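**Q**
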Amino acid sequence: MESFLETNLSPEILEGIKKLGFEKPTPIQAETIPVLINNRTDVIGLAQTGTGKTAAFGLPAIELTDSNLLQVQTLILCPTRELCLQITRDLENFAYYVKDLNIAAVYGGANIVAQIQQLKRGCHIVVGTPGRVIDLIKRKALNLASVERVILDEADEMLNMGFIEDIDTILAATPAQKQIWLFSATMPPEIARISQKYMKNPIEIAVGRKNTGAENVQHEYYLVHAKDKYAALKRICDMNPDIYGIIFCRTRQETKEIAENLINDGYNADALHGDLSQAQRDQVMLRFRTHHLQLLVATDVAARGIDVENITHIINYSLPDDPEVYIHRSGRTGRAGRSGISISIIHSKEQGKLRTIENMLKKNILRKPVPTGKQICEKQLFNLIDKVEKVTVIPEVAPYLEVIYKKLQWLDRDELIQHFVSVEFNRFLEYYKNAPDLNIYKESTSKSTPYKKEKTQNSRNLDQQPARSGKKGYAKLKINIGKNHGLKPTKLIGIINDRTRNRDIHFGKIEIDDKFTIFEVSQNHLEEVANALNGITFSGINVYAESLKKK
Ligand code: AMP
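Note that the numbering used here has the sequence shown beginning at 9, numbered continuously upward.
This is the structure we're talking about:
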């Protein structure tokens, strides 16, 4: 479908869409809108945040709701307050030119009296979280007797949050003759049960499993010992001074710990999890949305429904159990044509999980070397210099300059630069002075734990190369550059000589393949050579080296 004009939506709604700048329907919209408008049928939509699903159900819901009839005709249930507010905002935008359509958002953690008053004034569409909706039904403030359609958004998440009984209660309070539109990012068996219990011959619509932005997301991983995860996280953040990202943790406890550690270590981070009060959560989200907070450390449930633009990085501090959750997490970056990076920090036992995710993504997850202290210091230094060069000097600084000049006049130009660079930069130099290499070079012998769902295991290009028995006293290293990148034996030896300045290193066989190279190096220099190569850039490739263990 090339245009919304083909959808038969009424002119006021089309006008609203135009105002939002939507040019053509997203795939899920192209599939659902005609079905929902033209058939009074139940629908199950498999769609994630980022696919345009809110409009996929929101536009038909507005179209079918009669604003001349002041009663609740459409009820939308969703798991969190954030999502509730977001859906309501979206619907209000879609209905900008629709006359007299009242939409109410009802959610927990906010003053119920104000919500009751709004409902009393009359409304056509109610967007709510299950607990608060039940509360309002019990208080007789919300009458669902005239509801014609119930939309369950993020149904899987509502089930995860234990709302199943609430949903039962709410559906029981609505007329038997109604439509149910159920949207979910994943399809666990419980959804099938709901659909069997409540829905009549639902049409199933699944438009790709990925978020619209997923094409623009690069997937990377860092392999470290479990004890080094936090240190690796800090290095990744330090290597990306302008990072604006979400760090996903597994539990509330882990979320708290990581956020606290990051804050103590001077990072602009905060936590979002279920133990916070609603006001605290709002405060954190406000800071994040307005870019006053760079790193949001969150659990999946707490981060649900957060639709924030421009996220540069998603960091999986802990991999989720369900690979679909990984896909959902990573879909929060790389939106609206921008690129994004999804990073996983894993230990060797988690490599199987990563492979399952690769199978689902149908994309490689690239291994990256954990940056060295030196690389981070260089990056931070040039970032600082760049900022100094580009900063706008505002006139308000003028009155102070004379005193400042006087105070600093004993320093010449070079000294002055050294001083001011040191103010910002000493912290990094100090911290990373003797920073160890966090990369794991030897392949782990421990068995990886794949996801249970896994059926096939793709062999990973670099990690899974079979080790061949080598010359005595030599160890094998493998690097991710080869003929295609212009590597030749002399070049390789030259690079290693240049970087190690150690002429005692001996080389055995060097096999240069198209995309990678395996070579032998004197056993006692293995680590030195790996360190020398790790992290350098060759023909635009970030090089990493790993040792191949002998059979
Ligand atoms: P959602 O999946 O509903 O959270 O939507 C993700 C983002 O895509 C939101 O910022 C929407 O405003 C935007 N969006 C939804 N539909 C379209 C469309 N047809 N064209 C452009 N952007 C859209």
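Beta carbons are placed, not taken as given, at the ideal position from N, Cα and C, and that holds for glycine.
Just so you know, these numbers come straight off a predicted model, no measurement behind them.
1. Leaving aside the five residues before and after Ile501 along the sequence, list all residues of the same chain whose C-beta is less than 7 angstroms from its C-beta, in chain order.
2. Mapping the DSSP letters down to three states, classify Thr62 as helix, strand or coil.
3. Using the beta-carbon count (16 or more within 10 Å), is Ser347 buried or exposed?
4. Hey, how far is the Cα of Tyr552 from the Cα of Gln288?
5. Please determine whether the Cβ atom of Pro33 lies at a distance below 7 angstroms from any heavy atom of the ligand AMP.
6. Identify the continuous alpha helix (DSSP H) that holds Tyr334 and give its terminal residues.
7. DSSP on Leu301, reduced to helix/strand/coil?
8. Sort out for me which residues DSSP pairs Leu83 with in a bridge.
9. Skipping 5 residues on each side, what residues in its chain have a beta carbon closer than 6 angstroms to that of Gly548?
10. Measure the CB-CB distance between Val215 and Ile373 and report whether it falls below 8 angstroms.
11. Confirm, please, whether the CB-CB distance from Ile322 to Met256 is below 8 angstroms.
12. Report yes if the CB atom of Thr62 is closer than 8 angstroms to the CB atom of Ile95, and no otherwise.
13. Grab the span of the alpha helix (DSSP H) containing Tyr238 for me, first residue to last.
14. How many whole angstroms separate the CB atoms of Met9 and Ala38, which I take to be in contact at a CB cut-off of 8 angstroms?
15. Check whether the region 122-131 and the region 153-167 are in contact - that is, three or more C-beta pairs closer than 8 angstroms.
16. Check the C-beta distance from Cys245 over to Tyr275 and give it rounded, since I have them as a contact under 8 angstroms.
17. Counting beta carbon pairs with one atom in the region 362-376 and one in the region 429-441, are three or more of them shorter than 8 angstroms?
18. List the DSSP bridge partners of Ser11.
19. So for Asp278, helix, strand or coil by DSSP?
20. Give a yes or no on whether the C-beta atoms belonging to His132 and Thr49 are separated by under 8 angstroms.
21. Where does Thr88 fall in DSSP's three states?
22. Whether or not the region 77-94 and the region 17-25 are in contact is what I'm after, with contact meaning three or more pairs of Cβ atoms, one per stretch, closer than 8 angstroms; do they touch?
23. In terms of residues, what are the limits of the alpha helix (DSSP H) holding Ala553?
24. Can you look up Leu389 in the DSSP assignment and give me helix, strand or coil?
25. Indicate the three-state DSSP secondary structure (helix, strand or coil) for Leu470 in the structure shown.
26. Excluding the five sequence neighbours on either side, which residues of its own chain have a C-beta within less than 6 angstroms of the C-beta of Lys463, listed in chain order?
27. For the beta strand (DSSP E) containing Lys484, list its first residue and its last residue.
28. Mark Ile487 as exposed unless 16 or more other C-beta atoms lie within 10 angstroms of its C-beta, in which case mark it buried.
29. One question on the structure: do Ile351 and Leu362 come within less than 8 angstroms of each other, judged by their Cβ atoms?
30. Please confirm whether Thr177 and Ile251 have their CB atoms less than 8 angstroms apart.
31. Could you tell me the alpha carbon to alpha carbon distance between Lys237 and Asn324, rounded to whole angstroms?
32. Would Asp278 and Ala267 qualify as a contact pair, given that the criterion is a beta-carbon distance under 8 angstroms?
33. Is the Cβ of Gly381 closer than 8 angstroms to any Cβ of chain C?
34. For a minimum of 4 consecutive residues, which ranges assigned as the alpha helix (DSSP H) are wholly contained in the region 396-445?
35. Whole angstroms is fine: what's the gap from Asn151's alpha carbon to Thr182's?
36. With a threshold of 8 angstroms on Cβ separation, who are the neighbours of Leu144 within its own chain once the five nearest residues in sequence on each side are excluded?
**A** By the coordinates alone:
1. Phe515
2. helix
3. exposed
4. 42 angstroms
5. yes
6. Pro331 to Ser338
7. coil
8. Val134 and Val158
9. none
10. no
11. A quick correction: the sequence has Phe, not Met, at residue 256. Contact flag set, yes.
12. yes
13. Lys237 to Met247
14. 4 angstroms
15. no
16. 6 angstroms
17. no
18. BP columns for Ser11 are empty, so no partner.
19. strand
20. no
21. coil
22. no
23. It is not in any alpha helix (DSSP H) - Ala553 instead sits in the beta strand (DSSP E) that spans Ala553 to Leu556.
24. helix
25. In this prediction, Leu470 has a pLDDT of 30, which is less than 50 and means its spatial position is unreliable; what the coordinates show is noted afterwards. Note: Leu470 maps to coil in three-state DSSP.
26. Residue placement at Lys463 is flagged as unreliable, the pLDDT there being 31, under the threshold of 50; the coordinate-derived value follows with that caveat. Around Lys463: no qualifying Cβ.
27. Tyr482 to Ile487
28. buried
29. no
30. no
31. 11 angstroms
32. yes
33. This model lacks chain C altogether, as it is built from one protein chain only.
34. 406-416 and 421-439
35. 9 angstroms
36. Val114, Ile120, Gln123, Ile124, Leu127, Gly136 and Leu150
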